[in-house]
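A.B. asks: Following this message is one structure expressed as structure tokens.
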Amino acid sequence: MYTTSNYFVCSYFCLSLSSSQSVEEQEVERETTNTLLLLCVPLSLSLSPERKVPKPYRSGLNTHKASDKDLLISSCQMSSLSRELVFLILQFLDEEKFKDAVHKLEQESGFYFNMRHFEEMVTNGEWDEVEKYLSGFTKVDDNRYSMKIFFEIRKQKYLEALDKKDRAKAVDILVKDLKVFSAFNEDLFKEITQLLTLENFRDNEQLSKYGDTKSARGVMLAELKKLIEANPLFRDKLNFPTLRNSRLRTLINQSLNWQHQLCKNPKPNPDIKTLFIDHSCGQSQPNGARAPSPVTNALMGGLPKPAGFPPLGAHGPFQPAQGPLPTSLTGWMSNPAPVAHASASAGPIGFNSSNNAALLKRPRTPPSNSAAIDYQTADSEHVLKRSRPFGLSDDVQVNNLPVNILPVGYTSQNHGQSSFSTDDLPKAVVMTLSQGSAVKSMDFHPLQQILLLVGTATGDVILWELGTREKLAQRNFKVWELKSCSMPLQASLANDYTASVNRVIWSPDGTLFGVAYSKHIIHLYAYHGGDNLQDKLEIEAHVGSVNDIAFCFPNKQLCIVTCGEDRLIKVWDANTGAKQYAFEGHEAAVYSVCPHYKENIQFIFSTATDGKIKAWLYDNVGSRVDYDAPGHSSTALAYSADGTRLFSCGTNKEGDSYIVEWNESEGAVKRTYIGLGKRSVGVVQFDTTKNRFLAAGDENMVKFWDMDSVNLLTTTDAEGGLQASPCVRFNKEGILLAVSTNDNGIKILANTDGIRLLRTVESRSFDSPKIGAGAMVKPPSMGTFGASNATVAANLVDRVAPMASMVALNGDNRNLPDVKPRITDESIDKSRAWKLIEINEPSQCRSLRLPDNISAMRVSRLIYTNSGVAILALAANAVHKLWKWQRNERNTSGKATASIAPQLWQPTSGILMTNDISDRNPEDAVPCFALSKNDSYVMSASGGKISLFNMMTFKTMTTFMPPPPAASFLAFHPQDNNIIAIGMEDSSIQIYNVRVDEVKTKLKGHHKRITGLAFSNVLNVLISSGADSQLCVWSTDGWEKQTSRQLQIPAGRAAAPLADTRVQFHQDQTHLIAVHETQIAIYEAPKLECLKQWVPREASGPITHATYSCDSQSIYVSFEDGSVGVLTATSLRLRCRINPASYLPANPSLRVYPLVIAAHPSEPTQFALGLTDGGVYILEPLESEGKWGTLPPENNAGPSTASVAANLDQPQR
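As structure tokens, this is what we get:
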């Protein structure tokens, strides 16, 4: 028998350290290996057929190929539809007999390991090709299975060279291929080297049974297959999905039929000549006349189905390409990092394909036949889910509904042929405002339609109220903190204390505005209505000129984006001024920035003076796009009001100007508008309005275009006196237009509705302050152009779909001195002389929202690391997030604090800790996790298999226990990390031994899923709680059930059918709290005698979670109304209430509240909250206070109600 591996593989798999790991990573992994013996599950060291490879452990992440470039399309980040597209391409290539291309794509994608191809290469001894193919799926040092696979291959190659007496080749293999294994077992490497001294290596006793080459390869191949099947990195990659023949061709045929349905005059037998452009029946294009823009023509209902296309032949040739496809401008978004939404693009490239937008079209005539087949895709599903575009009325909104939910009835309006009149454009001059210096930038208030912000060439910032033509406020250029500025800026100001305003812009809600200056700095002002402006932030943002500024909302945190002469783009926290991101990659000064979002994915476009366009995600990875603007011009980008159409306008060094619309799905110019002057002066500026019109200042006039027509619609010179390339700015309703003049002034142009609005305001008498910050001026009814009766704020918060509100509690095992039975109620507390502390303002506590650039989903689980230097969260989308605090002069302990922002930590590989979710929706899963004592690893599940992650590398060590049933709660045994109590959705509790991969016993006593587990190492018991509101006690010696208790629901309170009940032990390991949405109760184990019960006021809403402080002296309780209560643990008395206004920003449109709460392991007054919007906050009392409220007097705790407590929970006999 072939038993060489008995000798040559021993000792290799006791070590799993990668030679490329850092010292810190190696120490953590070595510690993990020693403390968690499951990593030392013995792998068969013999390749003898009598020995079997143990049961496979599967991983949820493929951790190879972790370069920045590859991360974007790695298997852990690629959307499921993109992954399926690769399989469709593989099937197509195989059917077309492109054999080499098939295997190349298999290797590069890493999605499918073709075992048959692998067998052929091994059988033929194509060792270089074997290793090259394997490299697409794993590396030598990924895990012990991979190491053994590569060792077996290289050892066989070495022995074959020896067998052929080719000692030179054998030495080369020894040095180049086998030397890497000497780091793990030097003695073994020496033994392999000694084979060179033998005339026949079979003289070695270990190799005496080595047969011929063919049989040796066969034996090795059988063992390699076992290793590959056991290797977690090959999970779900060994089976090709079941597909119908020519599935990709079928989808193309369906697409062509769908395109044909949109033809205005469909031909019975259409002639398809190319797939490179959309089909349309006509004569002027290869596929007929180009179909109307799918972005702008809404399909209102089923169209008559014309004759379909003959299916593409199974092996029929495609038409050759006529030229290279344009580089994608936004294709980098087709496979974004995991985001919190269910829809995914089914288009070829881009995050909002034209097919998606085509569902928003409207036919010119009502449908007469409903026989058309509607091929729905994930894109059409996305249209159903899109949040309502801001700035549109209900009337406009109904025209944007997808086909399958539109009401019956049709109007004469359509998006293909505009029914708007040029009279709807604001062209009448209604006033002129004098600025005193040349106007550089303007912006209308997003809510108050008559407030205009202006920045000038001398650095002045002026706020105008157009209704009264009054200058409400003015700020001249001044550096607020000159001493804190850099020396270059101080030197520049010493020579010339002037600066020009490059850009002014309002925040989405109009409470802030930013100013970018031509010298280094930006200013942020707070606006409180009327003339009430307050200095908020001064930031030295760039070296040299700050060319543009914009507001963005990554991770629902208001930020400022700036760009400058130093070729950088930077993102700043709009509240603190802290720098969040810095993007570099442009080779010229960055001219403009355009932050935007698609499907909850936040990103930034940037343009430079050399005409380069780049795009960035908030991840510091680098630019996702490198594209040329038309004419290599200095270009500004802008989206239409509904965010579906992208336009740009700019002027190059030769004076040629371009205004274009981009095809986002292809990254190419969709249409170029005609009418700009050939030799423009300065850079042409433009604006968009109402998803309908474009306006640009050029040749001393304002030029207008219909977005759907390249020809100039109309112009106006505004009665003369305009700049050569004037600034132009619409208000949000598009009924007013501000234009800059030659004499340092501004002309305000209006249409009929704008004139009516201004007259309405003029007729009012205003008291000082003029208009409150939250006031909203409503324009009158405006007919077809002004479709809205009220201004809708263009608030980015409104643009993000609200997160699902689900009450889910987090588990933590911590416990209360012996006290007399008593039930307290908040209403009793408030009647006493002792005063409950109410915290209502941010100034009354210290709070910090942790920075987050990963997609935001509600936080389901939250815990501090045992060392207190980090916080770990598990989101509803199965992704873990880890924040770490750094030790520095401001934070000498390096522990979590609300005073210093931590880092959202990721390993250098960039991978995410993502749980297996199987086939179920993560929203329906019950997430759970448990952290090891040394913080080295975390056990976690989100409805799928349980995963074990390395906390340093984020690698998946192993997965086990596939559902059903799924795990719903996890707890480590306090004395043995290899024993885990796993609560299941089927109401059972499995006691699992990780080391031997075995369920020791199964505990049954609950009737609904398990929602809480807590060990007591003093009493040697396990306490379990379930959605059945029952507590059970189990002995950890024999795992028998000792007793159980049913929670007593307070009178008048109704609990949800599956309300979670959580349990946590006090420090004394004898008392515990039971947390239910209706109450907090204290029990004494092991008899489960109820000692106290606290019922919150109904106005607070249900309890979402609660936890002991680290010293067990307080209990932190979170509520569905967003408030947090601090209870004294000994008496269950509420001593402090923290209201949401003290830590959450005001936003009435979003209902945000904490789902989980975690206590710091060594700071008794610090706790963290995980919110429904995905945010994580840390709260601490003010340093001057040092605590949350004052302890209530014990003799004032309310009447004794021992009898009530006894009645609530009588011991079982």
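Mind the numbering: the sequence shown is residues 859 to 2071 in our numbering, read in order.
Backbone N, C-alpha and C fix where the C-beta goes; we use that ideal spot for every residue, glycine too.
Residue range of the alpha helix (DSSP H) that Y991 falls in?
C.D. replies: Here residue 991 corresponds to residue number 133 of the sequence shown, with the count starting at 1. Per DSSP, Y991 belongs to the alpha helix (DSSP H) from W985 to L992.
A.B. asks: Quick check: what's the CA-CA separation for A1374 versus T1434?
C.D. replies: Numbered from its first residue, the sequence shown carries residue 1374 at position 516. Numbered from its first residue, the sequence shown carries residue 1434 at position 576. For A1374 and T1434, the distance between alpha carbons rounds to 17 Å.
A.B. asks: I think G1508 touches V1541, with their Cβ atoms under 8 Å apart; what is that distance to the nearest whole Å?
C.D. replies: Working through the sequence shown from its first residue, we reach residue 1508 at position 650. Working through the sequence shown from its first residue, we reach residue 1541 at position 683. Their Cβ separation, rounded to whole angstroms, is 6 Å, which keeps G1508 and V1541 in contact under 8 Å.
A.B. asks: In the structure shown, what three-state DSSP assignment does H1490 receive?
C.D. replies: Translated into the one-based positions of the sequence shown, residue 1490 becomes position 632. Correct three-state label for H1490: helix.
A.B. asks: Can you tell me whether E1057 is buried or exposed? The criterion is at least 16 other CB atoms within 10 Å of its CB, across all chains shown.
C.D. replies: Translated into positions along the sequence shown, residue 1057 becomes position 199. That one is exposed.
A.B. asks: If you follow the alpha helix (DSSP H) that V980 is in, where does it begin and where does it stop?
C.D. replies: On the sequence shown, residue 980 is found 122 positions in, with the first residue counted as 1. Where V980 is concerned, the enclosing alpha helix (DSSP H) stretches over M973 to T981.
A.B. asks: Does the Cβ-Cβ distance between Q1014 and R1060 come in under 8 Å?
C.D. replies: Numbered from 1 along the sequence shown, position 156 holds the residue referred to as residue 1014. Numbered from 1 along the sequence shown, position 202 holds the residue referred to as residue 1060. Contact flag unset, no.
A.B. asks: Can you grab the Cα-Cα spacing for the pair N1835 / T1869, in whole Å?
C.D. replies: Along the sequence shown, read from residue 1 onward, the residue named residue 1835 stands at position 977. Along the sequence shown, read from residue 1 onward, the residue named residue 1869 stands at position 1011. The alpha-carbon atoms of N1835 and T1869 are separated by roughly 21 Å.
A.B. asks: Report the rounded CA-to-CA distance for F1411 versus S1492, giving the unit in angstroms.
C.D. replies: Working through the sequence shown from its first residue, we reach residue 1411 at position 553. Working through the sequence shown from its first residue, we reach residue 1492 at position 634. Answer to the nearest angstrom: the Cα atoms are 26 Å apart.
A.B. asks: Out of I1379, G1368 and I1308, state which residue places its alpha-carbon closest to the alpha-carbon of V2097.
C.D. replies: This structure leaves residue 2097 out entirely; the chain is present only between 859 and 2071.
A.B. asks: If I measure Cβ to Cβ from E883 and keep anything under 7 Å in the same chain, skipping five residues before and after, which residues do I get?
C.D. replies: As a first step, residue 883 is located in the sequence shown; it is residue number 25 there, counting from the start. Any answer about E883 is weak, because its pLDDT of 46 lies below 50 and its placement is not dependable; what the coordinates show is given next. Closer than 7 Å at Cβ, skipping near neighbours: M1810 and T1811.
A.B. asks: Counting only the same chain and skipping the five closest in sequence on each side, list residues whose C-beta sits under 7 Å from that of K1125.
C.D. replies: As a working mapping, residue 1125 is identified with position 267 in the sequence shown. Excluding the 5 residues flanking it on each side, K1125 has same chain C-beta neighbours closer than 7 Å at C1139, in chain order.
A.B. asks: Leaving out five residues before and five after P1823 in sequence, what residues of the same chain have Cβ atoms less than 8 Å from its Cβ?
C.D. replies: Numbered from 1 along the sequence shown, position 965 holds the residue referred to as residue 1823. So the list reads M1842, E1843, D1844 and S1846, once near-sequence residues are dropped.
A.B. asks: Enumerate, from N- to C-terminal direction, the unbroken beta strand (DSSP E) stretches of 3 or more residues contained entirely within the stretch 1849–1888.
C.D. replies: 1856–1862, 1868–1874 and 1879–1884
A.B. asks: Nearest to N1711 by CA position, among K1414, N1521, E1512 and L1871, is which residue?
C.D. replies: Along the sequence shown, read from residue 1 onward, the residue named residue 1711 stands at position 853. When each option's Cα is compared against that of N1711, the closest is K1414.
A.B. asks: Anyone know if the C-beta pair for I2015 and L1985 falls short of 8 Å?
C.D. replies: By one-based count along the sequence shown, residue 2015 stands at place 1157. By one-based count along the sequence shown, residue 1985 stands at place 1127. Cβ atoms of I2015 and L1985: not closer than 8 Å.
A.B. asks: Taking C-alpha atoms, which residue in E1512, F1441, L1992 and P1998 lies nearest to L2049?
C.D. replies: What you label residue 2049 is simply residue 1191 of the sequence shown in a count that begins at 1. The residue with the shortest Cα to Cα distance from L2049 is L1992.
A.B. asks: Under DSSP, the beta strand (DSSP E) around N1808 begins and ends at which residues?
C.D. replies: Position 950 of the sequence shown holds residue 1808. Run containing N1808: I1804 to N1808, per the beta strand (DSSP E) assignment.
A.B. asks: With 16 as the cutoff for other CB atoms within 10 Å, does S1151 come out buried or exposed?
C.D. replies: Sequence index remark: in the sequence shown, residue 1151 carries index 293 (1-based). Below a pLDDT of 50, predicted positions are generally treated as unreliable, and S1151, at 37, falls in that range; no measurement from the model is reported.
A.B. asks: What residue from G1501, A1733, K1791 and V998 has the CA that sits closest to F1039's CA?
C.D. replies: Numbered from 1 along the sequence shown, position 181 holds the residue referred to as residue 1039. Cα-wise, what sits closest to F1039 is V998.
A.B. asks: Taking the alpha-carbon positions, what's the I1135 to P1453 distance?
C.D. replies: Working through the sequence shown from its first residue, we reach residue 1135 at position 277. Working through the sequence shown from its first residue, we reach residue 1453 at position 595. Spanning the two alpha carbons is a distance of roughly 29 Å.
A.B. asks: Please report the distance separating the alpha-carbon of K1548 from that of A1554.
C.D. replies: Counting from one through the sequence shown, the residue named residue 1548 turns up at place 690. Counting from one through the sequence shown, the residue named residue 1554 turns up at place 696. About 15 Å.
A.B. asks: Keeping to the same chain, check which residues put their C-beta closer than 8 Å to that of P1178; ignore five residues upstream and five downstream.
C.D. replies: For this step, residue 1178 is matched to residue 320 along the sequence shown. Reliability of the predicted coordinates at P1178 is poor, the pLDDT of 35 falling under 50, and the value obtained from them is presented with this limitation in mind. There are no such residues.
A.B. asks: Is T1314 near K1329, with beta carbons less than 8 Å apart?
C.D. replies: Counting from 1 along the sequence shown, the entry for residue 1314 is found at position 456. Counting from 1 along the sequence shown, the entry for residue 1329 is found at position 471. For T1314 and K1329, no; Cβs fall outside 8 Å.
A.B. asks: When the Cα atoms are used, what is the spatial distance from L2141 to V2034?
C.D. replies: Because the chain here runs from 859 to 2071, residue 2141 falls outside it and cannot be looked at.
A.B. asks: Following the continuous alpha helix (DSSP H) through F1008, name the residue where it begins and the one where it ends.
C.D. replies: Here residue 1008 corresponds to residue number 150 of the sequence shown, with the count starting at 1. Run containing F1008: R1002 to D1021, per the alpha helix (DSSP H) assignment.
A.B. asks: In three-state terms, what does DSSP make of C1417?
C.D. replies: Taking the first residue of the sequence shown as position 1, residue 1417 is located at position 559. If DSSP states are grouped into helix, strand and coil, C1417 belongs with the strands.
A.B. asks: Around the Cβ of M1005, are there at least 16 other Cβ atoms within 10 angstroms (buried) or fewer (exposed)?
C.D. replies: Within the sequence shown, residue 1005 is the residue found at index 147, counting from 1. M1005 is buried by the Cβ-count criterion.
A.B. asks: Between which two residues does the alpha helix (DSSP H) containing H1118 stretch?
C.D. replies: Locating residue 1118 in the sequence shown gives position 260, where the first residue counts as 1. It spans R1105 to Q1119 - the alpha helix (DSSP H) in which H1118 sits, taken as one unbroken run.
A.B. asks: Closest to H961 by CA distance: which of A1596, V988 and F1461 is it?
C.D. replies: Start at 1 with the first residue of the sequence shown, and residue 961 comes out as number 103. Of the listed residues, the one whose Cα sits closest to H961 is V988.
A.B. asks: Which partner residues of A1440 appear in the DSSP bridge assignment?
C.D. replies: Residue 1440 sits at position 582 when you count from the first residue of the sequence shown. Bridge partners of A1440: K1428.
A.B. asks: Cβ atoms of S1981 and N2005: under 8 Å apart, would you say?
C.D. replies: Translated into positions along the sequence shown, residue 2005 becomes position 1147. Translated into positions along the sequence shown, residue 1981 becomes position 1123. No, the pair does not count as a contact, with Cβ atoms beyond the cut-off.
A.B. asks: Can you tell me whether G1983 is helix, strand or coil according to DSSP?
C.D. replies: Here residue 1983 refers to the residue found at position 1125 of the sequence shown. In the displayed model, G1983 falls within a strand according to three-state DSSP.
A.B. asks: Leaving out five residues before and five after W1897 in sequence, what residues of the same chain have Cβ atoms less than 7 Å from its Cβ?
C.D. replies: The residue labelled residue 1897 in the question sits at position 1039 within the sequence shown. Once the five neighbours on either side are set aside, the close Cβ partners of W1897 are I1849, T1859 and L1861.
A.B. asks: Could you tell me which of P2019, S2020 and Y2001 sits nearest to Y2011, measuring between CA atoms?
C.D. replies: For the purposes of this step, residue 2011 is taken as the residue at position 1153 of the sequence shown. It is Y2001 whose Cα lies nearest to the Cα of Y2011.
A.B. asks: From what residue to what residue does the alpha helix (DSSP H) around A1352 run?
C.D. replies: Residue 1352 sits at position 494 when you count from the first residue of the sequence shown. It spans M1345 to N1353 - the alpha helix (DSSP H) in which A1352 sits, taken as one unbroken run.
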